[in-house]
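Going left to right, the sequence shown walks through residues 954 to 1232 as this note's numbering numbers them.
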Amino acid sequence: GTARSFFSMTEPEVSGADPTELRTTAVLDGDEWVIDGHKWFSSSAEGAAFGIVMAVTDPDAPPHRRLSQILVPTDTPGYELIRPIPVMGHAGRGWSTHCEVRYTDVRVPRENVLGEPGDGFRIAQKRLGPGRIHHVMRWLGQMQRAFELMCAYALEREVGGAPLAEKQTVQNWIADSAAEIQACRLLTLDAAHKLDDGDEARVEVSLIKFYAARVLNEVIDRAIQVHGARGLTDETPLGFMYGQARGARIYDGPDEVHKQVVSRRILKEFREGGVYTFD
């Protein structure tokens, strides 16, 4: 088919890293949910057939049971796509957009809720682990491409009668990048195997999410530095890759949140008299 969806969770008024603070509400009125709220960075909203909206359905429930995910067709009265938000100077188009959206007295059938009311956070968590590791898999491809461009240009470009590849600084960049890319590959495989075995692998996924995001930025940055001013132009994909890579340290959880997840788990083991094992 041709229909596609978008996910609508983040709000401009509250922290995007803490979904328990969301303010968009969905109130039952007979057999309909009435949704009111303001979202942004609703990825791929432009051209989508329906949105999956995270909304508070029970404000008196425990924090992680307050939210539900509700399907909202984009032709529903009260749904408004305000604008695609320019990211690093580009607004994108269609699936590549990150949009600001408003819901005003939006009415959808009661059965449009995914799972049971209150399952929103649980469903989101089930998606986030595999979703984050999919990001990392794509980043690995970008790292590899930037690495290849860096090495090839270092051999081709001469400065002072010798190729850049003979400069110790450039050699260090190549060696560091090779080690870091390989570490990312192995960390990703480890997390993927644990997910395949039914483990939520929250520590492993958080670890690779922040580490791979950093390596992605550093490898592309080194490749641009080797290319000099040419690396900033459209003659290579590096400039575009660099602009896209910066967001990796923010979306699907900023670095700081993932580092907190990892460190808390490690300290919990020591606090309880054990040790953290690397397996």
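C-beta: ideal position from N, C-alpha, C; glycine also. If you're wondering where the values come from, they're calculated on a predicted model, not measured in any experiment.
Neighbour-count burial assignment, residue i, 16 or more Cβ in a 10 Å radius
i     : result
P1163 : According to the sequence displayed, residue 1163 carries Phe and not Pro. So F1163 counts as buried.
E999  : buried
W1048 : exposed
E964  : buried
L1140 : buried
V980  : exposed
V1228 : exposed
P1015 : exposed
A1105 : exposed
P1062 : exposed
F1235 : Here the chain comprises residues numbered 954 to 1232, so residue 1235 is not present and cannot be evaluated.
R1080 : exposed
K1221 : exposed
G954  : exposed
Other residues of its chain near residue i: CB distance less than 7 Å, five sequence neighbours each side excluded
i     : result
P1012 : R1019
T1189 : L1102, H1180, R1183
Y1032 : V1025, Y1056, V1059
For residue j and residue i, believed in contact at Cβ under 8 Å, the rounded distance
i     : j     : result
L1169 : W1092 : 5 Å
L1067 : Q1022 : 4 Å
I1134 : Q1097 : 7 Å
R1060 : E985  : 5 Å
S961  : S995  : 4 Å
V1156 : V1214 : 7 Å
T1050 : P1037 : 4 Å
S1130 : R1175 : 6 Å
P972  : A1077 : 7 Å
Close Cβ partners of residue i (< 6 Å) along its chain, the five nearest in sequence each way excluded
i     : result
T977  : G990, A1008
S997  : F959, W1048
A1118 : A1107, L1108
Close beta carbons around residue i, own chain, < 8 Å, minus the five adjacent residues each side
i     : result
I1177 : G1184, L1185, L1191, G1192, Y1195
G1082 : L1148, E1153, A1154, R1155, V1158
N1065 : W986, I1023, L1024, V1025
I1173 : Q1095, M1096, A1099, L1191, M1194, Y1195, A1198
Ranges of the beta strand (DSSP E) found wholly within the stretch 1131–1170, counting only runs of at least 3 = none
ask   = Quick check: the stretch 1192–1202 against the stretch 1034–1044, are there 3 or more CB pairs under 8 Å?
value = Contact holds: three or more Cβ-Cβ distances are below 8 Å.
query = Using 8 Å as the Cβ pair cut-off and three pairs as the minimum, do the stretch 1138–1148 and the stretch 1076–1095 touch?
reply = yes
message = In chain order, what are the residue ranges of uninterrupted alpha helix (DSSP H) at least 4 long that sit wholly in the stretch 1066–1130?
response = 1073–1109
request  = Evaluate the contact criterion for the stretch 1115–1124 versus the stretch 1151–1161: three or more CB pairs, one atom per stretch, below 8 Å.
outcome  = With the cut-off at 8 Å, the stretch 1115–1124 and the stretch 1151–1161 do not touch.
task = Entirely within the stretch 968–1050 and at least 3 residues each: give me those beta strand (DSSP E) ranges in chain order.
result = 978–982, 985–996, 1003–1009, 1020–1026, 1032–1037
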